[in-house]
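Residue numbers (my numbering): 9 to 227.
Just so you know, even glycine gets a beta-carbon here, dropped at the ideal spot from N, CA and C.
This one's a predicted model, so the numbers in the text were calculated from it and none came from an experiment.
Here is the structure we will look at.
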């Protein structure tokens, strides 16, 4: 197994970071908490918890990611991310994230203004992106096939992608068979995502630049 370095890990963390939403959340999401297991080449490296809160036409998602990579019992890499995103009537209102990688913390902020979304990236750069842009990687609701713009949680960068799907696939989760809808994201960000019939993310798989396979899967 290759040793993770700060050059190979950031893109991985972005892919694990924020969920995106493309429609109104369903009523059964109120107060729900979903825990995910994160593995790299089959080895456990961390967890991702998502909290869903709904009020009126607004949906709030809160993310907690914790990753620890150990080599010979020593902690070689530490990564923590806390993020919050707010949606109203199916549109992203804003999000914020704080990422701590080996003690170095950065923040990203985004807020809707007019027809666009104003983003303050990790380096302090400010840019307005199209109002159709969404946080990178879905944890709620299904995607729509076609071109899309994603905002990376870690640094606020834009990624142009193409979404294909859905196609029906059956997965085995915790010993039970589950019918899912699979979408594939390609372009400047690459991932495969599976949702259950209620629109919750069940599994996410991506191929890292170092060739490793990273999977986030519902517990």
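Could you check how far apart the C-beta atoms of residue i and residue j are, in whole angstroms? I think they sit under 8 Å.
i           : j           : result
residue 74  : residue 55  : 6 Å
residue 139 : residue 120 : 7 Å
residue 163 : residue 129 : 6 Å
residue 107 : residue 92  : Not a contact, Cβ separation roughly 13 Å.
Return the CA-CA distance between residue i and residue j, expressed in angstroms with no decimal places.
i           : j           : result
residue 66  : residue 82  : 43 Å
residue 86  : residue 116 : 19 Å
residue 218 : residue 60  : 33 Å
residue 222 : residue 53  : 10 Å
residue 204 : residue 188 : 5 Å
residue 35  : residue 212 : Caution is warranted here: a pLDDT of 39 is assigned to residue 35, below 50, making its placement in the model unreliable, and the coordinate value is therefore given only provisionally. Rounded to the nearest angstrom, the two C-alpha atoms are 24 Å apart.
residue 180 : residue 147 : 19 Å
residue 207 : residue 143 : 17 Å
residue 84  : residue 220 : 17 Å
residue 153 : residue 80  : 44 Å
residue 225 : residue 137 : 31 Å
residue 104 : residue 183 : 36 Å
residue 70  : residue 90  : 8 Å
residue 112 : residue 131 : 13 Å
residue 215 : residue 42  : 23 Å
residue 101 : residue 94  : 5 Å
residue 16  : residue 109 : Reliability of the predicted coordinates at residue 16 is poor, the pLDDT of 42 falling under 50, and the value obtained from them is presented with this limitation in mind. Each residue's alpha carbon lies about 13 Å from the other.
residue 44  : residue 124 : 32 Å
residue 201 : residue 175 : 11 Å
residue 241 : residue 49  : Lying before the first or after the last residue shown, residue 241 is absent from the chain, which here runs from 9 to 227.
residue 18  : residue 160 : Residue confidence for residue 18 is low, a pLDDT of 44 falling below 50, so the modelled location carries little weight and cannot support an answer.
residue 32  : residue 88  : Confidence at residue 32 is low in this model, with a pLDDT of 36, below 50, so its placement is unreliable and no value can be given for it.
residue 78  : residue 199 : 25 Å
residue 118 : residue 133 : 12 Å
residue 64  : residue 96  : 9 Å
residue 39  : residue 173 : 29 Å
residue 30  : residue 51  : Per-residue confidence for residue 30 stands at a pLDDT of 36, beneath the threshold of 50, marking its modelled position as unreliable; the derived number appears in the next sentence. Answer to the nearest angstrom: the Cα atoms are 32 Å apart.
Per DSSP, which one or two residues make a beta bridge with residue i?
i           : result
residue 116 : 105
residue 177 : 188
residue 166 : 159
residue 128 : 117 and 134
residue 100 : 95
residue 172 : 192
Tell me the residue span of the beta strand (DSSP E) that contains residue i.
i           : result
residue 122 : No beta strand (DSSP E) contains residue 122, which DSSP labels as neither H nor E.
residue 202 : 199-203
residue 52  : 51-63
residue 156 : 154-159
residue 91  : 82-96
residue 72  : 66-79
residue 145 : Taken as a continuous stretch (DSSP letters only), residue 145 belongs to no beta strand (DSSP E), as it is neither H nor E.
residue 43  : 41-48
residue 213 : 209-215
residue 134 : 134-138
Determine whether the beta carbon atoms of residue i and residue j lie at a separation below 7 Å.
i           : j           : result
residue 168 : residue 196 : yes
residue 193 : residue 171 : yes
residue 190 : residue 177 : yes
residue 57  : residue 72  : yes
residue 114 : residue 127 : no
residue 151 : residue 157 : no
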